[in-house]
Every structure is written in structure tokens, then in C-alpha cells.
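Student:
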Amino acid sequence: MQEQLKIAGAFVGVIVGAGFASGRELLLFFVDFGLWGLVGALVSAALFTFLGMALAGLGNRQQATSHKDVIQAICGRHLGLFVDWLITFFMFAVTVVMLAGGGALLEQQFGVPALAGSVLVTLVVVAIVCLDVRKVILAIGAITPLLILVASAIALYAVFTREQSFAALDHLASQQQAGTRHWLLGAFLYVSYNIVAGAPILAILGGSATGEKTAVWGGLLGGAALGGLMLVMSAGLLSRLDNVADLPMPMLSIANEVSPLLGLVMCLIIFGMIVNTAVGTLFSFLSRLLPAGTAKFRWGSVVTGTVAFACSLVGFISLVGEVYPLFGYLGFVLMAAVLLAWVRRSRATKAAVA
Numbered sequence: 007m008q009e010q011l012k013i014a015g016a017f018v019g020v021i022v023g024a025g026f027a028s029g030r031e032l033l034l035f036f037v038d039f040g041l042w043g044l045v046g047a048l049v050s051a052a053l054f055t056f057l058g059m060a061l062a063g064l065g066n067r068q069q070a071t072s073h074k075d076v077i078q079a080i081c082g083r084h085l086g087l088f089v090d091w092l093i094t095f096f097m098f099a100v101t102v103v104m105l106a107g108g109g110a111l112l113e114q115q116f117g118v119p120a121l122a123g124s125v126l127v128t129l130v131v132v133a134i135v136c137l138d139v140r141k142v143i144l145a146i147g148a149i150t151p152l153l154i155l156v157a158s159a160i161a162l163y164a165v166f167t168r169e170q171s172f173a174a175l176d177h178l179a180s181q182q183q184a185g186t187r188h189w190l191l192g193a194f195l196y197v198s199y200n201i202v203a204g205a206p207i208l209a210i211l212g213g214s215a216t217g218e219k220t221a222v223w224g225g226l227l228g229g230a231a232l233g234g235l236m237l238v239m240s241a242g243l244l245s246r247l248d249n250v251a252d253l254p255m256p257m258l259s260i261a262n263e264v265s266p267l268l269g270l271v272m273c274l275i276i277f278g279m280i281v282n283t284a285v286g287t288l289f290s291f292l293s294r295l296l297p298a299g300t301a302k303f304r305w306g307s308v309v310t311g312t313v314a315f316a317c318s319l320v321g322f323i324s325l326v327g328e329v330y331p332l333f334g335y336l337g338f339v340l341m342a343a344v345l346l347a348w349v350r351r352s353r354a355t356k357a358a359v360a
């Protein structure tokens, strides 16, 4: 069971940092559709569970040591090359979004100019990547369970203390500008861009698992945990939509409503998740291009960090609204490939039994 929980925890940690921590992403793809958005969250929960299970299982069957092993197996050489580079450049895009998110976080909580906040986050992230301080990454990653507990508690507080009916909130949501035209498309896009971020870790951990059953259960547990958290947080954000609709960090706003101390704790947790995600994605992007631990790698991290910072000046809300949907559409290729590979595997297994 410990191995399954390790796979599940790593999967949740990656996805929470890239697509959950601020709550802005959930507003865009679910909450702004009102009650139908909550149905979309259920659809996404089912997709996360299936894809987590499928990718971890595929990784184990391929004995993957890199996401490329699984990608080439399910996509073929030419399409696999496209998906491989899609994942690589998505790592850079997530880094940009996280740097912007760090600035938006510090501005909302402390009144620090977003530019100064992004500079601080960039310096911290580049320093960690240059020094290769793995223990720091592991220590920050350990706060993922705390984020899940605190975010769930805050969301439930919002649901049970809401001042408007869900019918009124649903009407308010209809006046918002959602991330896409239809709630079902939003549900698929959200899973799609997140699975692009989660595929590498699922493939590698699935490959190192002691057996396919262990890998599958790890991916399934991780996907189910993500789905449950997503649904609870979406309901909480919908309950406070009148107050948080235009904020870059809506979950932080609800935490401050409960208590200034809880708001500070939530701010520190989100900051840790932003740094953790940015370090992981920047390291993954660079290690695809340069040998890790070398002088070239360190200089590359400085240059790439500077470019990412410049791109982050577009602003967190704008980046989330543009970057994530774009990679969501591109990520449909990976989702379709995983589904086809799973169907082929199931048919082959049934034929072997028969």
C-alpha cells in the first residue's frame, strides 16, 4: 500500500501545483459555468481517475525510466516526437505561469507589487535549480497533504456559510466569462492540460513500481483524490463567487475571510506549491536540453529563468486564460493516445484469456 500511496502522492503533488493551488484555474474551467460546472468537475474526476490508472499501468508495462518510453510506445515515433516536445514546452509554459502566480499571490496578500513578487520567485526558483538542492524540493513537496486539508476545510466553510442560494449563484456564474464556450469542453480541457504535466511522473513512477497492479492502483488513487479535491474546491468557490470572481487567488481570499492567520498560512502553502512546481518544471525543461549538474545547465537555468520572468509580465490571470486552454487542446492528442492504448491492451488481454 505504501508504494501505491507514493505514486498517488506524487501525481497529486504535480497537478495541485500546476492547476489547483490558487483556485483561479477552477474558476475558469468549472465555477464560471455555475451548477453545470460542478457536473463538469465530476466528469473531470472520472477522467483523472482513468488516465492516472492508465498511464501508471502503461509505464509499468514499458518499464519506463523516462516519459519518452511510454509516449513512443503509445503514439509511435513521429507522433510521439510531437507529444514529447509538447510536454517539454509545456514545462516552460507552466514555469512562466508559476512566476506570474507568485507575483499575484504576494500582491494580493501583502500589497507587494506583482513585478517585485515575480522577481523574488524567479530568484528563488533559479537558485534552487542551479544548486540542485533536492532536499529543498522534497521538503516543499511534503506540504501537499497540508494544502489538501486546508483547502478542503476552507471550501467546506464557504459552502456551509454561503449567503446566497445555489440558484442565485448559478445566475451570477452565467454572467462571468468562462475559459471556454461549454462546460463539458472546459472539463476535458482542464484534464488535458493537467495530464500533460502529470504524464512524465506517472510514467516514471509506474515504471519503477513492483508490479502493474501496484502502479494501476497508485494512479487510480491519485486520480480519485484529485477529483474529490477539485469538486469540493469548485463548490466552495461557487459559494463565494460574488466576492472572488475577479481575484487571481480566490482560495486565499476565502482563507482570509475565515481568519487572517489562516490566510497567512494559506499564502505560505500556496507560495511553497508555486515554488515547488516552478522548480520541477524548469528543471524538467532544462534537463531535456542540457546535461544536469553542468556549468551549461546552470547558465541555462539563469537564461531560461530570465526569459520566463519576462514572459510572466503578461499577468497571471491572462496567462491562465490563454496558456492552459491552448495546451489543453494540444493535450487531446495525448488523451486519445492513452485511451486507444488502453483499449488495445484490454482487447489483447481478453484474447489471451480466451
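Heads up, this note's numbering is the position in the sequence shown plus 6, with the first residue counted as 1. Idealized CB from N, CA, C, for every residue including glycine.
#1: Just to confirm, is the Cβ distance from V197 to L57 under 8 Å?
#2: Cutting at 7 Å between CB atoms, please list the residues of its own chain near L152, excluding the five before and the five after it.
#3: How about A230 and T55: do their beta carbons lie closer than 8 Å?
#4: Would you please state the rounded distance, in angstroms, between the beta carbons of L111 and F277? I believe it to be under 8 Å.
#5: So, at 6 Å on beta carbons, what are the nonlocal neighbours of G224 in its own chain, with the 5 sequence-adjacent residues on each side left out?
#6: Please go through the same chain and pick out, in chain order, the residues whose beta-carbon is closer than 6 Å to the beta-carbon of A60, but skip the five residues on each side of it.
#7: I'd like to know if the segment 308 to 323 and the segment 81 to 97 are in contact, where contact means that at least 3 CB-CB pairs between them fall below 8 Å.
#8: Skipping 5 residues on each side, what residues in its chain have a beta carbon closer than 8 Å to that of G321?
#9: Can A179 and A241 be called in contact, C-beta distance under 8 Å?
#10: Measuring CB atoms only, is the segment 33 to 44 touching the segment 291 to 302, in the sense that at least three cross pairs come out at less than 8 Å?
#11: Between W91, T71, D252 and M279, which has its C-alpha nearest Q114's C-alpha?
#12: Short of 8 Å in beta carbon distance, which residues of its chain neighbour T216, apart from the five on each side in sequence? Order them along the chain.
#13: Among V326, V130 and G213, whose alpha-carbon lies nearest the alpha-carbon of D75?
#14: Mapping DSSP to helix, strand and coil, what is P119?
#15: Quick check: the Cα distance between T186 and A193, rounded to an integer number of angstroms?
#16: Would you say A99 and V329 are within 8 Å of each other, going by their C-beta atoms?
#17: Leaving out five residues on either side along the sequence, give the residues of the same chain with a beta carbon under 7 Å from the beta carbon of V202.
#18: Do V49 and L190 have their C-beta atoms within less than 8 Å of each other?
#19: Answer yes or no: do I260 and V271 have a C-beta to C-beta separation smaller than 8 Å?
#20: Among T101, W42, A173 and E263, which residue has its Cα nearest to the Cα of V285?
#21: Span of the alpha helix (DSSP H) holding H177?
#22: Please report the distance separating the alpha-carbon of L64 from that of L211.
#23: On the premise that A16 lies in contact with I134, defined as a C-beta separation below 8 Å, what is that separation, rounded to the nearest angstrom?
#24: Compute the beta-carbon to beta-carbon distance between P256 and G29, rounded to the nearest angstrom, for a pair I have assumed lies under 8 Å.
#25: Whose C-beta lies closer than 8 Å to the C-beta of F291 among residues of the same chain, with five residues either side of it excluded?
#26: For Q181, which residues in the same chain have their Cβ closer than 6 Å to its Cβ, ignoring the five residues on either side in sequence?
#27: Decide if G108 is buried, meaning its Cβ has at least 16 other Cβ atoms within 10 Å, or exposed.
#28: My parser needs the alpha helix (DSSP H) runs of 4 or more residues fully inside the segment 19 to 50; what are they?
#29: Can you grab the Cα-Cα spacing for the pair G117 / L268, in whole Å?
#30: My guess is that V130 and L325 are in contact by the Cβ rule of under 8 Å, so how many angstroms apart are they, rounded?
#31: Would DSSP call H361 helix, strand or coil?
#32: Considering only residues of the same chain and omitting the five flanking positions on each side of D176, which have a CB-CB separation below 6 Å?
#33: What is the rounded straight-line gap between the Cα of S245 and the Cα of C273?
#34: With C-beta atoms as the reference, is A51 less than 8 Å away from G233?
Tutor: Quick answer:
#1: Contact flag set, yes.
#2: I275
#3: yes
#4: Between F277 and L111 the Cβ distance is about 6 Å, and since that is below 8 Å, they are a contact.
#5: Result list for G224: Q10, I13, A14 and A62, in chain order.
#6: In chain order, V344 and W348 place their CB closer than 6 Å to the CB of A60, counting only its own chain and leaving out the 5 sequence neighbours on each side.
#7: no
#8: A106, A110 and A120
#9: no
#10: no
#11: D252
#12: Closer than 8 Å at Cβ, skipping near neighbours: E9.
#13: G213
#14: coil
#15: 10 Å
#16: yes
#17: L92, I93, F96, F333, G337 and L340
#18: yes
#19: no
#20: For V285, the closest of T101, W42, A173 and E263 by C-alpha to C-alpha distance is T101.
#21: Per DSSP, H177 belongs to the alpha helix (DSSP H) from F172 to A179.
#22: 11 Å
#23: The distance from the Cβ of I134 to that of A16 is about 18 Å, inconsistent with a contact at the 8 Å cut-off.
#24: 4 Å
#25: Cβ within range, chain order: T94, F95, M97, F98, T101 and T310.
#26: none
#27: buried
#28: 30 to 35
#29: 17 Å
#30: At roughly 19 Å, the Cβ-Cβ gap does not stay under 8 Å, so V130 and L325 are not in contact.
#31: Outside the displayed span of the chain (7 to 360) sits residue 361, for which this structure offers no information.
#32: Cβ within range, chain order: G40 and L41.
#33: 21 Å
#34: yes
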